[in-house]
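Q: Numbering (our numbering), first residue to last: 87 to 262. Idealized CB from N, CA, C, for every residue including glycine.
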Amino acid sequence: ERGYRDTGIQGIVTVMEELECVTFRFGSAACTVAKFGATVIKWECCGAERLWISTLSPMDGSAPIRGGIPIAFPQFADQGHLTLHGFAREQIWNLDSIAEDTQSTTAIFSLLDNTRTRDLWNYSFALQYTVTITEESLKMALSVKNTSDSSFAFTGCLHTYFRTPDINKVSLVGLA
């Protein structure tokens, strides 16, 4: 971290390498979100870092962050005419608020359509991304509002990269 400034809204804006980030805490848990792509790049809870970031990922805003929890919107993967996973992960998001209560801390980020997004995908929209941490959990919600005069179809996801000490001890259950 090269510098920081107090946001005045219970969080710290830091500069990590070339990225402006927002770090917020609840108890011993902490979360860092890069404003570039609103990508969650760190989540520490129960004494451990829970997310993986590729060491090959440029952390200067020149390309999407590989790892953490990037947002895919308005398309997932290559299921459309846009670049892989759409453009939301390559936009600078706005930090709207950070609030703490007795059970959690929540940061809310937003992204509105702009000249660059309309050049790629000619629709008006408003995205809101809510990131909430507790001592033992991380919760995220992405809402999409169509502010355009016409309807549009989209796909998206929160593309999570978990850190694990031993991949051979990992199992996935509950998928059909």
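1) What separation, rounded to the nearest whole angstrom, lies between the Cα atoms of threonine 125 and asparagine 232?
2) Going by Cα to Cα distance, which pick from Glu104, Trp179, Ser148 is closest to glycine 123?
3) Quick check on alanine 239: does DSSP put it in helix, strand or coil?
4) Note down, one range per segment and in chain order, each alpha helix (DSSP H) of at least 4 residues found wholly within the stretch 122-210.
5) Do you know offhand how far glutamate 106's Cα is from asparagine 254's?
6) Rounded to whole angstroms, what's the CA-CA distance from glutamate 222 to leucine 181? Just pull it up for me.
7) With distance defined between alpha-carbon atoms, name the residue in Ala120, Thr191, His245 nearest to glycine 147.
A: Judging by the given coordinates:
1) Whole-angstrom Cα-Cα distance: 22 angstroms.
2) Trp179
3) coil
4) Listed in chain order, they are 201-206.
5) 35 angstroms
6) 23 angstroms
7) Ala120
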